[in-house]
Amino acid sequence: MTPARLLAALAVVAASHATASAAVTCSVAAVELRDAFEGKQLLVRDGDRDATRDAKYASSNAAVATVDEKGHVTPTGDGTCVVRIEHAAGRLEIPVTVRGFTQSRAVDFRTEVMPLLSRLGCNAGGCHGKAGGQNGFRLSLFGFDAEFDHAAITREARGRRVFASNPDESLFLLKATGRSPHGGGKRLNPAAAEYAVVRRWIAAGAPASAPDAPKVVRIRVTPGDGVLAPEARQQLAVTADYSDGTSRDVTRQSEFQSNLDVVASVEADGLVTAHRLSGEAAVMARYMGYVGVFLAMVPHGPPLASIPDFTPTNFVDELAAKKWQRLGLRPSPPCDDATFLRRLCLDLCGRLPTVDETRAYLADTAADKRVKLIDRLLASPDYPAYFALRWGAILRNSNLAGADQAAVAFHHWLRDGIARNRPYDEFARGIVAAAGEWQDAPAINWLWQNRDDQLHQVTADVAQVFLGVRLQCAKCHHHPYERWGQADYYGLAGFFTRLGRKNFGQPPPYYASATPTTGERNPLTGKTPEPRYLDGVEPKFSPDEDPRHALVDWMAKADNPFFARTFVNRMWGHFLGRGLHHEVDDLRETNPPSNPELLDRLAKEFVDRKFDMKWVVRTIVTSQVYALSSEPTDANRNDKQNFARYYARRLPAEVFLDAVNGTCGVKGGFSGVSQNARAVDLPHEGFGSYFLDTFDRPKRVTVCDCERSTGATLGQVLLLANSDEIENKIADGNGRIARLVKAKAEPRAAVEELYLAALARRPTDVERNRAASYVAEAADKPKALEDVLWALLNSREFMFNH
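As structure tokens, this is what we get:
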């Protein structure tokens, strides 16, 4: 019988076994291994549960192939055999064919040796991949320069690292196996398949990769996602697709890493284990600079058929509820009116509601009063003022180098654009393609703040702010956790190589030059970087064209996968406490969104509505998701990613200072601006304030939102509890306490006003009685009222938006 007929017969046998034991299935019907270096990871399932590590395996002919207890098949010789799989729920037989084993195919350095160096950690930043190497031996970081690495291994140290006539005595293998002193310890087992691959490569003369050797074009992780019960396991398999159309199992050559080990961890061979903490973890597989992701979801409870106490108002609610049902999450109930009013004023306008606003809103009995409140605040000047502050910090609008007037002008430009609801693509164009003098084009202050590294800082900022891509790593090497390489980085930089500036003024006029204005060279080509979109297209421009406008045109295309998603993710993060991608400007494949359907729908609708920024804001804040209580329940206590409750968070520095001033009834008192100016009205960070600095006002040196710290410090505690600044605000002769005393307010009425001012709610009966009694019984009633106000300012309820 020919091998082909035998394979067909074995497949029929396997199919009959699979039919007889339908509960047990395998990821493949047959295995074909084409040479001595190829393996195959089998995935076995018992119904909807992974059973790969629970099954027992045996090969019918160990001279052809072996299979280990983890379900990995390894060739040992040409021929055919059967892998028998036994499980409590049934049996399977998988036919295996091996060919090309004895033909001694050459080992390819780039696709077979270098991945091993990465998997073993040899080219990591803490070992030989760091800038200076280790003990005289340096490799490219994460193995992204095959030619450099080949030369380092085969030619440096007078060629002593490889010894073709006696491979086992090569220094390269002696060190790795621990037979010679090695700071990195033992990395290779002489009995392992990895050792055999490297040994065979050395024995063949350690050749470099052939120019026409197939290259990896992508990798795939199987399965792509899964719902895992606590303590459940899932074996992963990784497949690499090559430029010649072939595919290869590279599970044992890949590296694995989880972004949330407390939810799901992963072992070096791709076994994922779920833990007791519910949530979602992205497990990354990396091979040859390419990454794939398995999304492990550990549910909070059994799947839900419906959520009866939750009534969606828009698609945001529908898609959030769909995810909750899958994860067994029940949302917290809606927040009360007082909480919603305070939350919305803080999130939308960066201020507390006034006492009069709160009284009127709480007295309103209209069914649509929340929608009316949203529309009123969106139309108020406080909304653009607050978001101009937010964007000013993101875009690093600063008064450094004497650019005070330009910084103020840029701040007003941002505020006016937001007030007019300027479409987001026009908003981005005004920044990315800014040109002219600062009086006419204030956004050039953004370029001026990047003047010390005009090409690279602008490139990195545009990628992170508008595309959600942190491209900085790719300037020097391939991004370790993404698909971006130097070609992508310098392609984006190519749009800014003709950005020119005059030699007068601070900031000086900027213009689009006909020729490159920088001596920067692309290290891959040795030439001035040429424009290249992140999708790989390389446009050409005439000397009189400004490439930056073409870049914005590309960003604003309906099918651009970055631009719209980055904006809606940023807005979601602002209003809900964390992005669908977290962080808000890090839209990596290895950092997947917690609700991809919701992110895609928001982005699509945003594009369809011509980049209407106010529409995005209104859609989010009118959802029931935004209006949920921040109080956790037993059904969502462990939820930290799926917004089954509102995530309470500390107030930003500027908002917090305004909240303190508003509650105390005092002005901001900043020099150089109106006495009525709030902290959120300040155009840049150059206005001195010990309070703002203590509470981590960003210094505007980075575009990352992480520049704002959300953690508490001892200095913050002492400032609130025991500082002259807070004492003076509370006891100000024109402040709230002084006005209440002057009006001879009764203790109960005075206490109510303090609660309305600080917390946007009336005190409970217990709170009112306790505080009013304290004031009434005090010998110094003004001081007693000051004590009540001090206690409110130091409460968690005041310091947090909840």
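Under mature numbering (1 follows the signal peptide of the UniProt record, and there is no 0), residues -22 to -1, 1 to 780 are what the sequence shown spells out, in order.
The beta carbon of each residue, even a glycine, is placed where N, CA and C say it ideally should be.
Contacting residues, own chain, Cβ-Cβ under 6 Å from residue i (five flanking each side not counted)
i: Ala263; result: Val199, Val216, Ser232, Phe234 and Gly270
i: Asn547; result: Gly557, Leu558, His559 and Val562
i: Thr30; result: Leu21, Val22, Gly49 and Gln213
i: Arg656; result: Asp636 and Gly646
Environment of residue i [buried if 16+ CB atoms lie within 10 Å]
i: Met266; result: buried
i: Lys588; result: exposed
i: Cys454; result: exposed
i: Thr572; result: For clarity, residue 572 is Ser in the given sequence; the question names Thr instead. So Ser572 counts as buried.
i: Cys59; result: buried
i: Glu663; result: buried
i: Tyr467; result: buried
i: Glu632; result: buried
i: Leu529; result: buried
i: Asp612; result: exposed
Cβ shell of residue i (< 8 Å), same chain only, five flanking positions each side left out
i: Leu356; result: Leu326, Lys592, Val595 and Arg596
i: Asp346; result: none
i: Cys682; result: Gln442, Glu561 and Asp563
Proximity to residue i [Cα-Cα], best of the options
i: Val603; options: Leu629, Gly555, Gly156 and Ala581; result: Gly555
i: Glu724; options: Glu705, Thr742, Glu703 and Arg746; result: Arg746
i: Ala471; options: Leu449, Phe778, Ala1 and Asp671; result: Leu449
i: Leu273; options: Ala191, Thr317, Ala210 and Val205; result: Val205
i: Ala218; options: Glu90, Arg211 and Cys105; result: Glu90
i: Tyr511; options: Pro501, Pro525, Asn500 and Gly504; result: Pro525
i: Arg623; options: Glu609, Arg714, Phe634 and Thr503; result: Glu609
i: Tyr402; options: Leu670, Asp617 and Phe541; result: Phe541
i: Thr289; options: Arg407, Thr251, Glu764 and Ser310; result: Ser310
i: Pro362; options: Arg196, Phe519, Asn399 and Thr336; result: Asn399
i: Asp418; options: Phe444, Pro486 and Arg627; result: Pro486
i: Asp13; options: Ala67, Ala33, Asp26 and Val85; result: Val85
i: Pro509; options: Gly328, Leu351, Gln81 and Leu433; result: Leu433
i: Ala40; options: Ile396, Ser118, Phe673 and Gly57; result: Gly57
i: Val436; options: Pro420, Leu373 and Trp462; result: Leu373
i: Ala182; options: Thr155, Asn144 and Ala411; result: Asn144
i: Gln619; options: Gln653, Asn569 and Phe584; result: Asn569
Three-state class that DSSP yields for residue i in the structure shown
i: Asp222; result: coil
i: Val729; result: helix
i: Lys720; result: helix
i: Ala(-5); result: With a pLDDT of 38 at Ala(-5), under the threshold of 50, the modelled position of this residue cannot be trusted; read the value that follows with caution. It is helical.
i: Ala242; result: strand
i: His527; result: helix
i: Gly408; result: helix
i: Met266; result: coil
i: Lys301; result: helix
i: residue 793; result: There is no way to answer for residue 793, as the model of the chain reaches only from -22 to 780.
i: Ala43; result: strand
i: Ile131; result: helix
i: Phe584; result: helix
i: Val651; result: coil
i: Phe519; result: coil
i: Arg23; result: strand
i: Thr89; result: helix
Same chain, Cβ closer than 7 Å to residue i, neighbours up to 5 away in sequence not counted
i: Leu392; result: Ala366, Trp369 and Gly370
i: Arg543; result: Gly446, Leu565, Leu577 and Ala581
i: Val294; result: Leu576, Thr597, Ile598, Ser601 and Val603
i: Leu698; result: Ile704, Leu771 and Asn772
i: Leu340; result: Asp315 and Ala316
Residue-level contact to chain D via CB, residue i, 8 Å cutoff
i: Arg138; result: The question asks about chain D, but that chain is absent: this structure has only one protein chain.
Distance cut-off 7 Å: residue i Cβ against heavy atoms of the ligand SAM
i: Pro401; result: Absence of the ligand SAM from the depicted structure is noted, as is the absence of any ligand whatsoever, leaving it without description.
Does the segment 45 to 55 come within contact of the segment 15 to 27, defined as at least 3 CB pairs closer than 8 Å?
-> The segment 45 to 55, when compared against the segment 15 to 27, does touch it at the 8 Å Cβ threshold.
At a cut of 8 Å, does the segment 726 to 745 reach the segment 600 to 616 through at least three beta carbon pairs?
-> The segment 726 to 745, when compared against the segment 600 to 616, does not touch it at the 8 Å Cβ threshold.
Do the segment 278 to 288 and the segment 296 to 315 meet, that is, are 3 or more Cβ pairs less than 8 Å apart?
-> Taking 8 Å as the limit for Cβ pairs, the verdict is that the segment 296 to 315 does touch the segment 278 to 288.
Is there contact between the segment 80 to 100 and the segment 181 to 192, where contact requires at least three CB pairs shorter than 8 Å?
-> With three or more CB-CB distances shorter than 8 Å, the segment 80 to 100 counts as touching the segment 181 to 192.
At least 3 beta-carbon pairs within less than 8 Å: the segment 235 to 254 vs the segment 172 to 182 | Contact fails: fewer than three Cβ-Cβ distances are below 8 Å.
On the three-pair Cβ rule with 8 Å, is the segment 123 to 139 touching the segment 157 to 174?
-> Not touching, per the Cβ criterion.
Is the segment 382 to 396 touching the segment 686 to 693, taking contact as three or more C-beta pairs under 8 Å?
-> The segment 382 to 396 makes no contact with the segment 686 to 693; the number of CB pairs closer than 8 Å stays below 3.
Is the segment 703 to 717 touching the segment 754 to 768, taking contact as three or more C-beta pairs under 8 Å?
-> Taking one beta carbon from each stretch, the segment 703 to 717 and the segment 754 to 768 have 3 or more pairs nearer than 8 Å; the two touch.
Pair every Cβ in the segment 737 to 746 with every Cβ in the segment 670 to 686, then say whether three or more of these pairs are closer than 8 Å.
-> No, because fewer than three Cβ pairs between the segment 737 to 746 and the segment 670 to 686 fall closer than 8 Å, the two stretches do not touch.
Any chance the segment 134 to 148 sits against the segment 59 to 78, with 3 or more Cβ pairs inside 8 Å?
-> Remark: fewer than three beta-carbon pairs, one from each stretch, lie closer than 8 Å, so the segment 134 to 148 and the segment 59 to 78 are not flagged as touching.
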